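The next block holds one structure in the form of structure tokens; read it before the comments.
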Amino acid sequence: MENAITLNEWLSKHSVNNKDDIGDYLNLFYDMDRSMKSLHNSNFYVDNFNINTIYVNDRDVYYTYVKKMDNDDKDYLISKNIYYLSCLALGVYNDCLSYIRPTNKEGLKENYSTFSSSVPKDVQSYYYGIFVDDANKVYLSDFIDTKREREGMGRESSAEKANVKKLSTPYGKMYMSDDDNKIAAFALTYIFPAIIFLLALIIPIIIFLKLNA
48 MENAITLNEW
58 LSKHSVNNKD
68 DIGDYLNLFY
78 DMDRSMKSLH
88 NSNFYVDNFN
98 INTIYVNDRD
108 VYYTYVKKMD
118 NDDKDYLISK
128 NIYYLSCLAL
138 GVYNDCLSYI
148 RPTNKEGLKE
158 NYSTFSSSVP
168 KDVQSYYYGI
178 FVDDANKVYL
188 SDFIDTKRER
198 EGMGRESSAE
208 KANVKKLSTP
218 YGKMYMSDDD
228 NKIAAFALTY
238 IFPAIIFLLA
248 LIIPIIIFLK
258 LNA
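All you need for my numbering is the position in the sequence shown, starting with 1, plus 47.
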């Protein structure tokens with residue numbers, strides 16, 4: 048933590064009104080969530096989300112106040128941590144940290160539409176799930192990873208379709224690999240003439256059989 052700064056200091060160097068900073072905010076809460084999840088996997092939970100007790104060092108986040116979890120309360124504490132971190136994010140995105148109170152869960156649920164417009168579009172559905180649908184068992188980092196994976200698969204699918212289309216054009220054939228060109232040459236030289244030769248033999252036989260049936 049030699050070069051780490053408090054979350055409060057980090058926030059003072061960024062602005063939610065600056066579009067260039069939005070990516071940094073998304074990374075920040077992704078990293079905070081990932082660090083928290085790592086604690087949960089080690090059977091610890093975050094006991095305090097005060098912005099002066101959380102430290103940031105590039106993409107690493109450190110929580111000062113952590114406690115050991117009891118197995119009986121594990122699900123409750125994990126859900127509570129996810130909810131509290133979401134409240135912190137909602138307060139930061141709306142520049143009203145002191146106004147967002149995690150203990151006022153029903154109030155946040157009823158008035159979520161008031162705050163939702165300030166949340167980046169990439170994660171709006173996540174926070175809607177947290178505050179409106181009570182889906183506070185889903186980690187933000189898991190949500191983002193899954194979303195990126197799906198978007199990547201969608202791009203690959205589109206690229207494959209485009210590639211097939213390109214290869215069917217004269218320009219596409221120019222970009223075929225050497226192996227592809229060898230296969231195509233082999234087909235033109237040997238396979239297609241063999242097929243034509245066989246058809247030349249078979250068709251007269253079929254005609255002859257029909258005439259003598």
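Built from N, CA and C at the ideal position, the CB exists for glycine as well. Note that the structure is predicted; figures quoted are calculated from it, not measured.
Cα-Cα separation, R148 to Y130
11 Å
Kindly indicate the opening and closing residues of the alpha helix (DSSP H) around F96.
Element bounds for F96: n/a, residue is neither H nor E.
Which residues bound the alpha helix (DSSP H) around N74?
I69 to N88
Would you check if the segment 173 to 183 and the segment 59 to 68 touch, i.e. whether three or more CB-CB distances between them fall below 8 Å?
Counting C-beta pairs closer than 8 Å gives fewer than three between the segment 59 to 68 and the segment 173 to 183, which falls short of the contact rule.
Can you find the residues in the same chain that come closer than 6 Å, C-beta to C-beta, to S145, ignoring five residues on each side of it along the sequence?
none
Under DSSP, the alpha helix (DSSP H) around Y146 begins and ends at which residues?
No alpha helix (DSSP H) holds Y146; DSSP gives it neither H nor E.
So the candidates are N141, N74, I98 and D192; which of them puts its Cα closest to the Cα of D107?
It is N74 whose Cα lies nearest to the Cα of D107.
8 Å Cβ shell around P167 - same chain, five flanking residues per side excluded
I69, Y72, L73 and Y140
Quick check on the burial criterion: 16 or more other C-beta atoms within 10 angstroms. Buried or exposed for Y123?
exposed
Are V103 and I52 close, meaning C-beta to C-beta below 7 Å?
For V103 and I52, yes; Cβs fall inside 7 Å.
Assuming S82 and Y110 form a contact by the criterion Cβ under 8 Å, report the distance between their Cβ atoms to the nearest whole angstrom.
7 Å
Rounded to the nearest angstrom, what separates D142 and S89 at their Cα positions?
32 Å
Tell me which same chain residues have a C-beta within less than 6 Å of the C-beta of W57, skipping the five on either side of it?
Once the five neighbours on either side are set aside, the close Cβ partners of W57 are V103.
Determine the DSSP secondary structure at T161, reduced to helix, strand or coil.
helix
Taking DSSP as the reference, what is the three-state secondary structure of V63?
Shown here, V63 sits in coil according to DSSP, grouped into three states, outside any helix or strand.
According to the Cβ coordinates, are F91 and L135 closer than 7 Å?
no
Round the Cβ separation of I98 and N55 to the nearest angstrom and send it over; I've been treating them as touching at under 8 Å.
4 Å
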